[in-house]
Each structure stands twice: as C-alpha cells, then as structure tokens.
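S.K.: Just so you know, the sequence shown maps onto residues 1 to 252 in the UniProt record's numbering.
Where a beta carbon is used, it is the ideal one built from N, C-alpha and C, also for glycine.
Everything numeric in this text was worked out from a predicted model, so none of it was measured.
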Amino acid sequence: MTDPRDSSSAHSMADDDEQPSTGLLGGGSLRRGERNRILLALILIATRLAYLKSETSQKALEGSTWSPIQQFVQYEVKDRGGHSLDAVRTYAGVPTPENDKAWDALIRPAYFNATVEELERAGESLDNVTRLTGGGYLASIGVYHELHCVRQLRFYIYKDRYYPNLSESEEKYLQFHLDHCVESLREAIMCYGNTALISFYWDDPKASQPAAQSNARAKCAVWDSIEHWGYSRRVPTSPDFQRPPMNEEQHM
Numbered sequence: 001m002t003d004p005r006d007s008s009s010a011h012s013m014a015d016d017d018e019q020p021s022t023g024l025l026g027g028g029s030l031r032r033g034e035r036n037r038i039l040l041a042l043i044l045i046a047t048r049l050a051y052l053k054s055e056t057s058q059k060a061l062e063g064s065t066w067s068p069i070q071q072f073v074q075y076e077v078k079d080r081g082g083h084s085l086d087a088v089r090t091y092a093g094v095p096t097p098e099n100d101k102a103w104d105a106l107i108r109p110a111y112f113n114a115t116v117e118e119l120e121r122a123g124e125s126l127d128n129v130t131r132l133t134g135g136g137y138l139a140s141i142g143v144y145h146e147l148h149c150v151r152q153l154r155f156y157i158y159k160d161r162y163y164p165n166l167s168e169s170e171e172k173y174l175q176f177h178l179d180h181c182v183e184s185l186r187e188a189i190m191c192y193g194n195t196a197l198i199s200f201y202w203d204d205p206k207a208s209q210p211a212a213q214s215n216a217r218a219k220c221a222v223w224d225s226i227e228h229w230g231y232s233r234r235v236p237t238s239p240d241f242q243r244p245p246m247n248e249e250q251h252m
C-alpha cells in the first residue's frame, strides 16, 4: 500500500517545482494565444458536460405524461421533520373539528374541469369519459387522488366516528376501496423513491425498540403553487355530471 505521506511529499515537491505564474491560466511561459486556446477548450468541455447533464435529465423525463399543471408547479428545498413523534400534526391525531376542517380545505380543489384537448394531450381515453353538466370533463391530478386515499385510510382508523353502524356489504365495499388506496400509495411511494437518510435513536431507555429520526432536506413541490392552480380550475367536491345512457340490459 502507498504511504499517504509519500503522496503528500510528492505533491509538495511538485508544487515547489511549479512557478507561481505558469498555471494553465497564468502568465509565465504560455503565450497569450495558447492561453486563449486552452481557455476556449475548457469552456467547450464545460458546455458539453452541461449539455450532456441536461440531456440525461431530459431523457429521464421522456415518456412522462403531460399534465396541465406542470408549468405552474414551483419547487423548494425544505426540511422533512415528519418522523418526529412530537411533530405538529395538523392533519393527524384523534379527530377534532380543527383537523377535520384542515382536511376539508386540503381536499377541496381535488376536481377540475378539463377540456377535450387537455385529455387528448395527456393521453386519456375519451371512451365513456365523464362529462360535466355545464360542459367540459371531470378530472383530477395524481396528488389529490393520493391525498384522498390517505384521508380514507384515516377515516377507517377512526371508523367509529366516520363510519358508524356499517352494514356487512358497506364494510366489504370499504375494504375493497381501501385495498385500492393501499396499492395506489405503494405505487406512488416506490415511483418517487425517497432517498432521505433515516437514523434511529432511543427516545426512552425503557422502550422496546428505537424511534426513527431524520434531519434530511428534500426538493419538494411548493404546495401553494399546486393549490393555487387547483382553486383556479376547481369544480365542486360533489360535481354535477352527466351519466351515460343505459340500455335495457343494463337496467335489469
């Protein structure tokens, strides 16, 4: 193995041999024309690397479906403190009028009125697509569907409050719906692939297992930019839509 002190010594000797002004962009023995050519070459290399990086990022997005909200979403780097059990819970905890109201406001712009051009550009099928009574088509964006699923799971955790006196058939339907929600959330979580580092600590020496913690910062959508767009295009949470005509067999 090479002794680190040897490389350090060699580096020092090389530094001693080099004159202060004979670096690539220094004065010294390089003529002005040579320096300019070297500088131009470095600029071209840097430009090419930046292009390749941009091209790689663009290729990573190729195949992603267009969405009418894309150009309006802003991003920021922020702390993610959700692992702390002591974190402020606007949307969690035992149901209260306050967190119920917060969830209502969060979900309110879930639906919007899409044009046929938007549906076609997004690659949506127009077969039996739901029309709104006042014109246009009923649509939503993925993040609101995922929030809807989180809320439905919360409802089920506290079903004595939100779903009292369920019949057997209602219970089966609800479980079917929630299985769909679990699968949708699993797919979304694995798609986004959060790489934040999480460590574990003992918040109580008597605890049976350690607790999770993280000081990770992440690139996040600025929620206000999504919500502002949602409110600008929203239709009521219980929208007035047209049902397709049914034939006699479907009526039976």
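I need the straight-line Cα distance from K101 to T65, nearest angstrom please.
M.R.: So the alpha carbons of these two residues sit roughly 33 Å apart.
S.K.: Where do the N-terminal and C-terminal ends of the alpha helix (DSSP H) with R186 fall, by residue?
M.R.: From DSSP, the alpha helix (DSSP H) with R186 extends over E168 to Y192.
S.K.: Please work out which residues of its chain come closer than 6 Å, Cβ to Cβ, to A122, disregarding the five sequence neighbours upstream and downstream, and give them in chain order.
M.R.: Excluding residues within five positions, the ones whose Cβ falls inside 6 Å are T65 and W66.
S.K.: Comparing C-alpha positions only, which one of R233, T237, E187 and T195 sits nearest to N113?
M.R.: With distances taken between Cα atoms, N113 lies closest to R233.
S.K.: Closer than 6 Å by C-beta to C149: which residues in its own chain qualify, once you throw out the five before and the five after it? Chain order, please.
M.R.: So the list reads C181, S184 and L185, once near-sequence residues are dropped.
S.K.: Answer with buried or exposed for Y111, where buried requires no fewer than 16 other C-beta atoms within 10 angstroms of its C-beta.
M.R.: Answer is buried; the Cβ neighbour count reaches 16.
S.K.: Under three-state DSSP, which class holds Y231?
M.R.: Helix, per DSSP.
S.K.: Regarding W223 and the ligand SAH, is the C-beta to nearest heavy atom distance less than 7 Å?
M.R.: As far as ligands go, the structure on display features none, and thus does not contain the ligand SAH.
S.K.: Given P244, which residues of its chain have a CB within under 8 Å of its CB, disregarding the five upstream and five downstream residues?
M.R.: For P244, where only same-chain residues beyond five positions count, the Cβ hits under 8 Å are N128.
S.K.: Counting Cβ pairs closer than 8 Å, one from the stretch 70-82 and one from the stretch 201-210, do we hit at least three?
M.R.: The stretch 70-82 is not in contact with the stretch 201-210.
S.K.: When you compare only the Cα positions, how much space is there between P164 and P95?
M.R.: Computed Cα separation, rounded: 14 Å.
S.K.: Measuring alpha carbon to alpha carbon, tell me which residue in P97, S140, A92 and D104 is nearest T115.
M.R.: Minimum Cα distance to T115 is reached at S140.
S.K.: Do T90 and F241 have their C-beta atoms closer together than 8 Å?
M.R.: Their beta carbons are not under 8 Å apart, which means T90 does not touch F241 by this criterion.
S.K.: For G230, does the count of other Cβ atoms within 10 angstroms reach 16, so buried, or fall short, so exposed?
M.R.: Looking at its Cβ environment, which holds 16 or more other Cβ atoms inside 10 Å, G230 is buried.
S.K.: What residues are listed by DSSP as bridge partners for N113?
M.R.: Per DSSP, L138.
S.K.: Using only alpha-carbon positions, find the residue among A105, P109, E187 and W103 that is nearest to I69.
M.R.: With distances taken between Cα atoms, I69 lies closest to P109.
S.K.: Give me, in chain order, the residues of the same chain whose beta-carbon lies closer than 8 Å to that of E120; leave out the 5 immediate sequence neighbours on both sides.
M.R.: The residues are L126.
S.K.: Once the 5 residues before and after R215 are set aside, which same chain residues still bring their CB inside 8 Å of it?
M.R.: First, the residue type needs correcting, since residue 215 is Asn and not Arg in the sequence shown. Excluding positions up to five away in sequence, the list reads D79.
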